[in-house]
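Chains as they are written, first to last, in my numbering: chain A, 102 to 211; chain B, 20 to 135.
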């Protein structure tokens, strides 16, 4: 079946680094995506990984290991505005469906 | 502002009715995606179009249909509406094609549908 796991909630301190993990089991693999969503707002696309390794984009980095079915999103130099939900999604091979995880609610404290 | 527009912003209707949600992608984007987000289901992918053709299909109900027109705007049609269809419906667009540039999606503000 299709399954994506993420921690439900995380808390971190302003200025710190936080790593949000995502594990997946899907029918094939055709890319992994991370989105940020502030409460009551539309999601914002953060990153896309299709090959193993690290993709860096400013304060945000995303890592993928296809053999382990594992990804993480790394947020550096945390700011209060990073308090949001972070969604991991995988596109499978069959029908190219996007399967979303439940999201991780990150709270950044002063 | 992502450059993706959705209309209407809010929609209130009754069970059994049919509604049409509209999305205009960013200028130059060929791909359009539709998502549904409800409190109990989280974000769900419905369907993707690329340059007028269906590219990918998610958990879209048979009562729902979509299309992308030659000018690349897209419409999502929801029929025989049920209470459980109440949700936020997001449209996103991307350039399309391979790699980070092709896959980066820009989301519209969403249409909030309430079925009474």
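By construction, the Cβ of each residue, glycine as well, lies at the ideal position given by its N, Cα and C atoms.
Residues near residue i in its chain [Cβ-Cβ closer than 6 Å; skip 5 each side]
| i | result |
| --- | --- |
| residue 177/A | 118, 160 |
| residue 75/B | 67 |
| residue 83/B | 97 |
| residue 103/A | 127, 200 |
Simplified DSSP assignment, three categories, for residue i
| i | result |
| --- | --- |
| residue 106/A | strand |
| residue 135/B | coil |
| residue 102/B | helix |
| residue 141/A | coil |
| residue 61/B | strand |
| residue 81/B | coil |
| residue 120/B | helix |
| residue 94/B | strand |
| residue 66/B | strand |
| residue 73/B | strand |
| residue 225/A | Only positions 102 to 211 of chain A appear in the structure, and residue 225/A is not among them; the question remains open. |
| residue 49/B | coil |
| residue 111/B | strand |
Neighbour list for residue i in chain A, Cβ cutoff strictly below 8 Å
| i | result |
| --- | --- |
| residue 125/B | 146 |
Neighbouring residues, chain A, relative to residue i (Cβ below 7 Å)
| i | result |
| --- | --- |
| residue 85/B | By Cβ distance, chain A contributes nothing, its closest Cβ being about 15 Å from residue 85/B, past 7 Å. |
For residue j and residue i, believed in contact at Cβ under 8 Å, the rounded distance
| i | j | result |
| --- | --- | --- |
| residue 62/B | residue 201/A | 5 Å |
| residue 129/B | residue 140/A | About 13 Å separates the two Cβ atoms, so there is no contact after all. |
| residue 98/B | residue 69/B | Actually they are not in contact, since the Cβ atoms of residue 98/B and residue 69/B sit about 24 Å apart, beyond 8 Å. |
| residue 171/A | residue 109/A | Wrong, their Cβ atoms sit about 18 Å apart, outside the cutoff. |
| residue 166/A | residue 155/A | Not really, about 10 Å apart at Cβ, beyond 8 Å. |
| residue 91/B | residue 44/B | 6 Å |
| residue 189/A | residue 138/A | Wrong, their Cβ atoms sit about 12 Å apart, outside the cutoff. |
| residue 110/B | residue 121/B | So it is not a contact: roughly 18 Å between Cβ atoms. |
Residues that residue i contacts on chain B, provided the C-beta gap is smaller than 8 Å
| i | result |
| --- | --- |
| residue 129/A | Residues of chain B passing the Cβ test: none, with the nearest at roughly 13 Å. |
| residue 204/A | 61, 62 |
| residue 198/A | 64, 75, 76, 77, 78 |
| residue 173/A | Correct list: empty, because the minimum Cβ distance to chain B is about 18 Å. |
| residue 201/A | 61, 62, 63, 64 |
Own chain partners of residue i with C-beta closer than 7 Å, once the 5 adjacent residues on each side are dropped
| i | result |
| --- | --- |
| residue 149/A | 132, 134 |
Neighbouring residues, chain B, relative to residue i (Cβ below 7 Å)
| i | result |
| --- | --- |
| residue 143/A | 109, 126, 127, 128, 129 |
| residue 188/A | 62 |
9 Å Cβ cut-off: residues of chain B touching residue i
| i | result |
| --- | --- |
| residue 132/A | 122 |
| residue 122/A | None at all; the shortest Cβ gap to chain B is about 18 Å. |
Same chain, Cβ closer than 8 Å to residue i, neighbours up to 5 away in sequence not counted
| i | result |
| --- | --- |
| residue 111/A | 119, 121, 205, 206, 207, 208 |
| residue 30/B | 38, 40, 130, 131, 132, 133 |
Ranges of the beta strand (DSSP E) found wholly within the segment 152-209 of chain A, counting only runs of at least 3: If we require 3 residues or more, the beta strand (DSSP E) runs fully inside the segment 152-209 of chain A come out as 154-158, 161-166, 171-176, 185-192, 199-201.
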